[in-house]
Amino acid sequence: MKAAHGRLISEEGLRHDGRRPDEHRPVKMEVGVLSNADGSAMVEFGRTKVLAAVYGPREPPQRFMLLPDRAILRVRYHMAPFSTSDRKSPAPSRREVELSKVIREALEPVVISELYPRTAIDVFVEVLQADGGTRTAGVTAASLALADAGIPMRALVAGVAVGKVDGVLVLDVDEVEDSAGEADLPVAGAPDLGLITLLQLNGVLSEEEFEQALDMAWRAIEDLVRQEKEVLRRKYQGVSRA
Amino acid sequence: MKAAHGRLISEEGLRHDGRRPDEHRPVKMEVGVLSNADGSAMVEFGRTKVLAAVYGPREPPQRFMLLPDRAILRVRYHMAPFSTSDRKSPAPSRREVELSKVIREALEPVVISELYPRTAIDVFVEVLQADGGTRTAGVTAASLALADAGIPMRALVAGVAVGKVDGVLVLDVDEVEDSAGEADLPVAGAPDLGLITLLQLNGVLSEEEFEQALDMAWRAIEDLVRQEKEVLRRKYQGVSRA
Amino acid sequence: MKAAHGRLISEEGLRHDGRRPDEHRPVKMEVGVLSNADGSAMVEFGRTKVLAAVYGPREPPQRFMLLPDRAILRVRYHMAPFSTSDRKSPAPSRREVELSKVIREALEPVVISELYPRTAIDVFVEVLQADGGTRTAGVTAASLALADAGIPMRALVAGVAVGKVDGVLVLDVDEVEDSAGEADLPVAGAPDLGLITLLQLNGVLSEEEFEQALDMAWRAIEDLVRQEKEVLRRKYQGVSRA
Amino acid sequence: MSVTPFRLPVIAKLRREAIEALIAKGLRVDGKRDPATPRSVTVELGVIERAEGSALVKLGNTQVMAGVKMDVGAPFRDTPDQGVLTVHAEFVPLASPLFEPGPPDENAIELARVVDRSLREVGAVDLGELVIRSGEKVWVVWVDLYILDHGGNLFDASMLAAMAALLNARIPYYEEIETGEVVVDRSKPPLGALPIRRRVVTVTVAKIGRHLAVDPDFEEESVADVRLVVALDDGGRIVGLQKSGEGAITREEARRAIALARQAAPVYFKALEEAATSSKADGS
Amino acid sequence: MSVTPFRLPVIAKLRREAIEALIAKGLRVDGKRDPATPRSVTVELGVIERAEGSALVKLGNTQVMAGVKMDVGAPFRDTPDQGVLTVHAEFVPLASPLFEPGPPDENAIELARVVDRSLREVGAVDLGELVIRSGEKVWVVWVDLYILDHGGNLFDASMLAAMAALLNARIPYYEEIETGEVVVDRSKPPLGALPIRRRVVTVTVAKIGRHLAVDPDFEEESVADVRLVVALDDGGRIVGLQKSGEGAITREEARRAIALARQAAPVYFKALEEAATSSKADGS
Amino acid sequence: MSVTPFRLPVIAKLRREAIEALIAKGLRVDGKRDPATPRSVTVELGVIERAEGSALVKLGNTQVMAGVKMDVGAPFRDTPDQGVLTVHAEFVPLASPLFEPGPPDENAIELARVVDRSLREVGAVDLGELVIRSGEKVWVVWVDLYILDHGGNLFDASMLAAMAALLNARIPYYEEIETGEVVVDRSKPPLGALPIRRRVVTVTVAKIGRHLAVDPDFEEESVADVRLVVALDDGGRIVGLQKSGEGAITREEARRAIALARQAAPVYFKALEEAATSSKADGS
């Protein structure tokens, strides 16, 4: 149960940073930002900055992890110590352990892992600055980094969180809205497949609100995946011209 | 050195809970209480409740642990966080590490491990409520769970702790008596073989007292093993009739 | 930056313990002090006491560590809990992790590891009493223990730290001088090869001071290696006579 | 690091198809229930007398024990006027051949965090009532979930056990001594029940092939593509969701899963109510 | 326990000889520089707005981010009148196929400790100015080094990033409240820059065969026998040394390495200065 | 989790029989002693001048060092008027090819706890004398056991080393400063010896085949079925027992083991006494 920390929706219906309820923060996406990784991407949702890198398919360090009929995914969601308001200890928190699982499970449905039995595909998500929406920005960055690494995918995924503040559903909640809000609904999915691959709800929503929030999230996800494709196309065309 | 916390033996020679010095707390034994484990048992000595489960013989997770001529025993004594007066941290304490060893060494002499080379027999002892005597109740529960799992044994074992409070030797000490007492002698053994398999003494006893305490413990152990057999017979007959 | 804690060089140019600036503390060396280890040595620089033991060449516990063309070195520098002024926690500190690496890298150039592919040579350095110069005494003890274990070496190594206190360069700093000094230059090397195998500087030195300090260290290292040879010769002759 | 599970129970392909075919017909592997009906469930309160509260839940073959312990501690800096509620889960190795001793893995952590959020978001425990001295001393309430037998659907059984143990919990007697310290004395009668404002359950809906079913047993769970954990409070509101597992769901499936969860929830609330009532009748 | 590295990149013998032959001729594998010249280097300040200070350094293909966070804490018992400076490095696994998740290994610890000592020994940060209440409350300054891409020579890039992030750092606003506690309020404008007294850089000199070269790239580093890390301050003084790696050096090589380091250091100081100047021009 | 040892020294069957046959004849493998006689034992005090107390014990080839360090700390909540005594053992890897670096394993923990209990149960150290300010500040006495060479029977050597180091320990000088803090100053002469009320030794009796022998050496220990550790105080009382190892004993064997232990104990007490006396003669 979260306490309201003051009015977060103005009389004009705008949010504390001036956005409309259904407005996403400025989004930046860049791929191929690292030289060692097989694929990499930086994604920014406003001040939230997330870097993702992919290695693989490769042999996992412990061979007992192998599966005979598919590649395993190994995913780590991790926050830089300087990414949060108070310094975060570098040891993985329980929250990071859960989010690593949730992000892995958001990627499993789209990675065509059957093509690479007995290998591991490693996805490392580093939150460099956290201002809300890090798990959904993380899924988005991971999707780009997987594509950049040339890992065959059924579809691209992206994510966004819808919140409820002062009774109003708002898209892409930032930290202020998240900590003061009544609900937080992070969603990720693959619009080209019509599939939700990440779905969590913290807080209370009526069934109607849930439907509206899911609508709002889905439109944003469709838009984010469009941007992913554009970024990848620009890179791909750049390569083909070279 | 423990301080006397007041009189624990009344003028009538009775203990703080009304028991005679050589009286065991009410004992409950039940086998087959879990569905996944190959064998399981719940044992209660008064308010002390201990659950034991046995898996195996099976392949150990790390193959370097194998022995070519026998099964290895892997034993864990562990206390639930809610079993003690102050919440116990779930990380294994030094005490739990020692008692896991002591309990394993109380079982090694009776398990016919030579029959299953290159395997592991796992015994998990969980203390659900601790009121003194958890290690000896644990050995007793483990003995039943091993039998329930069909692991061949040379004999059944059981255990009990004898204490000395206000100068009097008392059977099956509870927590109050243990923390106030002058000595604590946990003993486990296999009466059918005439063998002591667990023996510890914390505190000071004269040689004569030691002999008396051992007598007292032994009689109780004989009785506990009789009860184990009865419980197993009931289960076995139940099965054979079905 | 270290604060000067008072005058550490007297008007006569002597140090707080009466030594001249280029004077080493009394040195003791003894080999073969342990029965289990393949080689062992105790080295004392004044009150600093370091024990080293060597096991190997032997099979490392984890086989993935093997190298096909040489033995690996495994080196641990560790301080006994009672070796320091305040009790040291037995868990390895960051300092111990770094010094284990630095000492290993001081030994790598002299151990002829190519002779023993697919094996490990283990060097354990235990600081029993710490009064400055433990890493350099550690290298010296390790050199002796390796020789005592019969590990073929290109040359013996030894080490010493030069400090700067009250503006004066001093040999073999103890803890008082180290904590009050302006600079600390631990050096180890193999005089017979003309090679520096350990070199660190904590603090500020002019280029000229650096050269002088290195000279001072080198002369001491030559002397220490002479003593090592003497100790080993005595042991060797003793053995050959027996 | 989260890794694709690589040590799973092997379920034969034929068996998998049989399970799916049954659900398609509105049946379940146990032959006793339909897709909207949980297994038989019992809740026993007060099983650990030395804990402030406790419960043993049996849901089919699944057994989960929960214990509540209370200590006096400091509040979090940003909530000086609230007690502290902490949920912790252990998958003890006696519960399943798949569990190994060691610190909680990602499954145990996810479970504890889902239960924790479900309780917290809806204010199930009124933490504002658990303040002893504002900003300094509050009650710290530990809910420890102990999985004793893993017969599938640990989420629902654990949530029930946690809720039941909280309903069973009594605040221990305490005194402030001269130094200002607060001393708990469990030899004195407890001060009363925890302030429980809401009851919450989760209903887990498994997607097997194209079909949905609540409260999957171990075998069903092993063949399920994905699960949706739906937390509902006694006011009928959705108070939490968690998609768990490697598969995906459509929006339509999410909607149907929530509807199934609503249908099944009363079974769990009833088990809670019966336990609470019989417990009161016992005077415990 | 420190173990001889056994999971190293394999560099073919011919390639090794080619690299050495190039350096012998005063050339480098990248075809662009001589043994005394570092790779192209850029320093960007303020990349993480929520940190007190931050910097991203690119040195060839190597990328290191540094963030400075400040908390109020207790001073060490033996230095009651000094703030606390702590350097920590993480080799996050996205930076290299050689890095695995987990606590810092000996390389990360060595790196952090070399950077820490280089800053500390020369008084780069005036810790005496970071006291809030003597013996009780001081600023604790965390410098976290985050290796993002390992293209060789992490020492120099990390030292630059640390120094730049410290130059970029602003002391957050704080207030003492009645209880004597000190409360940081980052919503208010910061109080000013950290008191930086000295700038320090390290120049790493690799020994490859019989030749020396500054700022080795990843391939050069892989074939180097040994490296000497030379810390220099803006007054031209040697303020730290660290031999790192399995090889050895002669005294003459040590001398030449220090001379090479002196020659190369101005490139790093210039990058720092440019970043600081352009940052001021931005008003950030 | 405790696991049957699977990395044991291999002792040939013939050798095993030879050892047993010797003991049956009242002889030992070293050819020098009978079943009731420990190996030669020396106790050297004050080997670590910077510790509050220290001792090096050699028992045959076994070498154990013990160091005592004292800090000022808080008492346990339930014993506000007692100092704190903590025993810790490390099986450092230089002592045996069987020891690996890492946190104490079950053998090290068992050893430390047996030594701890033997000291504690009989009040060897008068903890009531170690209170500085009741309920707030007491002496915390750390006894660290360092196994340097494992030649068998670590229990007896460690107990001797602990006892000797405690006899050797001096309470450091301390002062209460204005703030109420207690500051230890080791540059001043110590305040005096620790209040030792009782001396305790353990005598370990090995059962090899059907025979008993005290103080087994490494080889005897390797073939022993089981050991009984008997703690005895200087008043001749049994103050502790620990059966250790995979075998079992009869009641008659327990009785005989205790009798053997009584017979052997004076050797250990004498070694302690000699060390204490010669130490006093040195004025140390």
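Chains as they are written, first to last, in the numbering used here: chain H, 1 to 242; chain C, 1001 to 1242; chain P, 2001 to 2242; chain A, 3001 to 3284; chain R, 4001 to 4284; chain D, 5001 to 5284.
Glycine included, each C-beta is placed from N, C-alpha and C at the ideal position.
As the structure is a prediction and not an experimental result, all values here were calculated from the model.
Using the rule of at least 16 other Cβ atoms within 10 Å of the residue's Cβ for burial, across every protein chain shown, is residue i buried or exposed?
| i | result |
| --- | --- |
| residue 1003 of chain C | Residue placement at residue 1003 of chain C is poorly supported in this model, since its pLDDT is 40, which falls under 50; the coordinates still yield a value, given next. Residue 1003 of chain C comes out exposed. |
| residue 5042 of chain D | exposed |
| residue 4052 of chain R | buried |
| residue 108 of chain H | buried |
| residue 2196 of chain P | buried |
| residue 4245 of chain R | buried |
| residue 286 of chain H | This structure cannot speak to residue 286 of chain H, because chain H is shown only from 1 to 242. |
| residue 1200 of chain C | buried |
| residue 2224 of chain P | buried |
Let me know the secondary structure DSSP gives residue i once reduced to three states.
| i | result |
| --- | --- |
| residue 71 of chain H | coil |
| residue 3146 of chain A | strand |
| residue 1149 of chain C | coil |
| residue 1227 of chain C | helix |
| residue 5238 of chain D | strand |
| residue 4109 of chain R | helix |
| residue 4941 of chain D | Limits of chain D in this structure are 5001 at one end and 5284 at the other, which puts residue 4941 of chain D out of reach. |
| residue 4229 of chain R | strand |
| residue 4102 of chain R | coil |
| residue 5067 of chain D | strand |
Taking the alpha carbon of residue i as the point to measure from, which residue in the options has its own alpha carbon closest?
| i | options | result |
| --- | --- | --- |
| residue 4176 of chain R | R:4002, R:4185, R:4168 and R:4170 | R:4185 |
| residue 83 of chain H | H:103, H:132 and H:212 | H:132 |
| residue 3276 of chain A | A:3258, A:3169, A:3134 and A:3238 | A:3169 |
| residue 5157 of chain D | D:5272, D:5020, D:5208 and D:5029 | D:5272 |
| residue 2155 of chain P | P:2134, P:2166, P:2088 and P:2110 | P:2110 |
| residue 4211 of chain R | R:4194, R:4092 and R:4256 | R:4256 |
| residue 1080 of chain C | A:3073, A:3067, A:3076 and A:3172 | A:3067 |
| residue 3092 of chain A | A:3254, A:3148 and A:3011 | A:3148 |
| residue 4945 of chain D | D:5236, D:5223 and D:5239 | Since the first residue shown for chain D is 5001 and the last is 5284, residue 4945 of chain D is missing from the structure and cannot be characterised. |
| residue 5109 of chain D | D:5254, D:5233, D:5002 and D:5165 | D:5002 |
| residue 5241 of chain D | D:5064, D:5204, D:5112 and D:5280 | D:5204 |
| residue 1226 of chain C | C:1058, C:1192 and C:1130 | C:1192 |
| residue 1159 of chain C | C:1185, C:1176 and C:1149 | C:1185 |
Beta carbon of residue i, beta carbon of residue j: below 8 Å?
| i | j | result |
| --- | --- | --- |
| residue 1077 of chain C | residue 1138 of chain C | yes |
| residue 1047 of chain C | residue 3049 of chain A | yes |
| residue 2221 of chain P | residue 2189 of chain P | yes |
| residue 2157 of chain P | residue 2106 of chain P | yes |
How about residue i: is its C-beta nearer than 8 Å to some C-beta of chain F?
| i | result |
| --- | --- |
| residue 81 of chain H | The structure shown contains no chain F; the protein chains it does contain are H, C, P, A, R and D. |
Pull up the DSSP beta-bridge partners for residue i, would you.
| i | result |
| --- | --- |
| residue 1015 of chain C | C:1009 |
| residue 5265 of chain D | Its beta-bridge partners do not exist; DSSP assigns none. |
| residue 189 of chain H | H:158 and H:196 |
| residue 184 of chain H | H:163 and H:202 |
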